[in-house]
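Colleague:
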Amino acid sequence: MFPPLSLTTLAAYIPDRYKIKIIDNNLEKLSKEADLVAMSVNTYTAKQAYDISLEYAKNDIPVILGGNHPTIVPDGAINHANSVVIGDGQLIWKNLLSDFESGNLNKFYRFSQFKFENTKPPRRDLLKNTYFLESIETLRGCPFNCDFCSVTRFHGGKYRFKPLSDIERELETIKKHSIFIVDDNLIGFGKEAEERAIELFKPKNISIDDLAEVYNDLITSLNNIDSSFRKFFKSFLNSHFFKVSIFTIAESIIAGRIFERVIRDAIQKNSY
Ligand code: B12
Ligand code: SF4
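Note that the sequence shown covers residues 130 to 401 in our numbering.
Quick look at the structure:
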């Protein structure tokens, strides 16, 4: 199960004087105790979100919908909510909440391109559940505009990079070894994107003595690979993320072994 990064990201931008509760509908029951409800909606969760919205409407609790689906079809989504937020939601809260307090919520709020500058780390502290992994976003947007994909339409045709210093600051707040990078196109395309990917995976003062053997083998086998990819890959091998990946593999193996033992015990207990 993935931690809800949209919601923790948005929560970081809601002014301190509001009390926020994040509910992961995959794992928790919804609460009726709210003055205002905001939901993050993808197309595959839209039907469920609209049903939930109806339940809150019965209790006179206003609902805001945002995310991929409401952004793509706002005119449909507004039939199921008091307001629809189109685009990135970080910077709409001041206006939206003041409209809410004066009883004048608009139907639509639009903020299409959030600039990654001095970003606030997502409020992961608001999550009650423990997740197997953490997630992080390092860029948005993609110039390729593949016709089956909504990313260019939603996030624009240019990469928007989160500053490396912000990523480092965010990584320091994450305790987990397994981190999923949610970027659609992590390495990207073009010189700027390539250089940034190399920077992103530069060493972070982490000892990799324990991984030295694997590392040396990999470096040797890289000799025949295309030079820019080799450069990127070498940075990756030296980086925090490499260590993270190794831990992920190790944790998966351990989790797999535990799971196997649990199944075996269960079978033995039930055998005649
Ligand atoms: C990480 C990811 C996954 C992960 C984790 C999903 C999860 N449950 O969290 C995994 C790999 C599991 C996954 C699986 C799937 N995914 Co996916 N995934 C993504 C990805 C790459 C990043 C999402 C993310 O966390 N972004 C970071 C956060 C911070 O950004 P955000 O969610 O966009 O939120 C911002 C805005 O949208 C807005 N916002 C969002 N919600 C709200 C709510 C309010 C109230 C407001 C005001 C604003 C707001 O403000 C936020 C901050 O700027 C997106 C692509 C993308 N770039 O969006 C695809 C994407 C969401 N996935 C998609 C799809 C189709 C799927 C699958 C159905 C694929 C499949 N066929 O199996 C499955 C469904 C799994 C499931 N049931 O959850 C599509 C959804 C398209 C759509 N129309 O809804 C996307 C957009 C990919 C695409 N290229 O089209 N996915
Ligand atoms: S994110 Fe991937 S699938 Fe989507 S437009 Fe870019 S390259 Fe194509």
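Just so you know, even glycine gets a beta-carbon here, dropped at the ideal spot from N, CA and C.
Predicted model, so just to flag it, every value in this text is computed and none were measured.
Is D313 near ligand 1, with its Cβ less than 6 Å from a heavy atom?
Modeller: Position 184 of the sequence shown, counting from 1, holds the residue named residue 313. It does: the Cβ of D313 is within 6 Å (strictly closer) of some heavy atom of ligand 1.
Colleague: Return the CA-CA distance between L159 and I181, expressed in angstroms with no decimal places.
Modeller: Taking the first residue of the sequence shown as 1, we reach residue 159 at position 30. Taking the first residue of the sequence shown as 1, we reach residue 181 at position 52. In a straight line, the C-alpha of L159 is about 9 Å away from that of I181.
Colleague: Just the Cα atoms here: how many angstroms apart are L262 and Y288?
Modeller: For the purposes of this step, residue 262 is taken as the residue at position 133 of the sequence shown. For the purposes of this step, residue 288 is taken as the residue at position 159 of the sequence shown. The alpha-carbon atoms of L262 and Y288 are separated by roughly 25 Å.
Colleague: Measuring only the C-alpha atoms, how far is L255 from N233?
Modeller: Your numbering for residue 255 matches position 126 in the sequence shown. Your numbering for residue 233 matches position 104 in the sequence shown. If I take the Cα positions, the gap works out to 28 Å.
Colleague: I'd like the list of long-range same chain contacts for P203, defined as Cβ closer than 8 Å, with 5 residues on each side in sequence excluded.
Modeller: Along the sequence shown, one-based indexing puts residue 203 at 74. Contacts found: V213, I215 and F237.
Colleague: Assuming T267 and K305 are in contact, meaning their beta carbons sit under 8 Å apart, how far apart are those beta carbons, in whole angstroms?
Modeller: Taking the first residue of the sequence shown as 1, we reach residue 267 at position 138. Taking the first residue of the sequence shown as 1, we reach residue 305 at position 176. Incorrect: roughly 16 Å between the Cβ atoms, too far for contact.
Colleague: Quick check on the burial criterion: 16 or more other C-beta atoms within 10 angstroms. Buried or exposed for R253?
Modeller: Numbered from 1 along the sequence shown, position 124 holds the residue referred to as residue 253. Buried.
Colleague: Who are the near neighbours of P133 in its chain, counting only those whose CB is closer than 8 Å to its CB and skipping five residues on each side?
Modeller: Numbered from 1 along the sequence shown, position 4 holds the residue referred to as residue 133. The beta carbon of P133 is closer than 8 Å to those of I151, D153, S169 and L256 in its chain, skipping five residues each way along the sequence.
Colleague: Verify whether the separation of the beta carbon atoms of D217 and F240 is less than 7 Å.
Modeller: Locating residue 217 in the sequence shown gives position 88, where the first residue counts as 1. Locating residue 240 in the sequence shown gives position 111, where the first residue counts as 1. For D217 and F240, yes; Cβs fall inside 7 Å.
Colleague: Pop quiz: T402 and D295 are said to be a contact at Cβ under 8 Å. What is the actual Cβ separation, rounded to whole angstroms?
Modeller: Coverage of the chain is limited to positions 130 through 401, which leaves residue 402 absent and any answer about it impossible.
Colleague: At the level of alpha carbons, what is the spacing between I172 and N197?
Modeller: Position 43 of the sequence shown, counting from 1, holds the residue named residue 172. Position 68 of the sequence shown, counting from 1, holds the residue named residue 197. Per the sequence shown, residue 172 should be read as Thr rather than Ile. Approximately 7 Å, taken between the alpha carbons.
Colleague: So what does DSSP say about I316, is it helix, strand or coil?
Modeller: Working through the sequence shown from its first residue, we reach residue 316 at position 187. I316: coil per DSSP, three-state reduction.
Colleague: Extract the residue ranges of the beta strand (DSSP E) inside the region 148-195, only unbroken runs of 3 or more that lie entirely within it.
Modeller: 166-169 and 192-195
Colleague: Within the same chain, show all residues whose beta-carbon is closer than 6 Å to that of I207, passing over the 5 residues directly before and after it, in chain order.
Modeller: Within the sequence shown, numbered from 1, the residue matching residue 207 stands at position 78. Same-chain partners within the cutoff: V213 and K236.
Colleague: Under the three-state reduction of DSSP, which class applies to A341: helix, strand or coil?
Modeller: Position 212 of the sequence shown, counted from the start, is the residue given in the question as residue 341. Model confidence at A341 stands at a pLDDT of 49, short of 50, so the residue's coordinates are unreliable; what they give is reported in the following sentence. In the structure shown, A341 sits in a helix (DSSP, three-state: H, G or I).
Colleague: Which residue wins for smallest C-alpha separation from N224, given the options Y142, E323, T138 and L329?
Modeller: Locating residue 224 in the sequence shown gives position 95, where the first residue counts as 1. When only C-alpha atoms are compared, the closest one is Y142.
Colleague: From K187, I190, G285 and A175, pick the residue whose C-alpha is nearest to that of G205; which is it?
Modeller: Taking the sequence shown and counting its residues from 1, the one referred to as residue 205 is at position 76. It is A175.
Colleague: Below 7 Å CB to CB, which residues in the same chain sit around E299 once its five sequence neighbours on both sides are set aside?
Modeller: Taking the sequence shown and counting its residues from 1, the one referred to as residue 299 is at position 170. P250 and I265, listed in sequence order.
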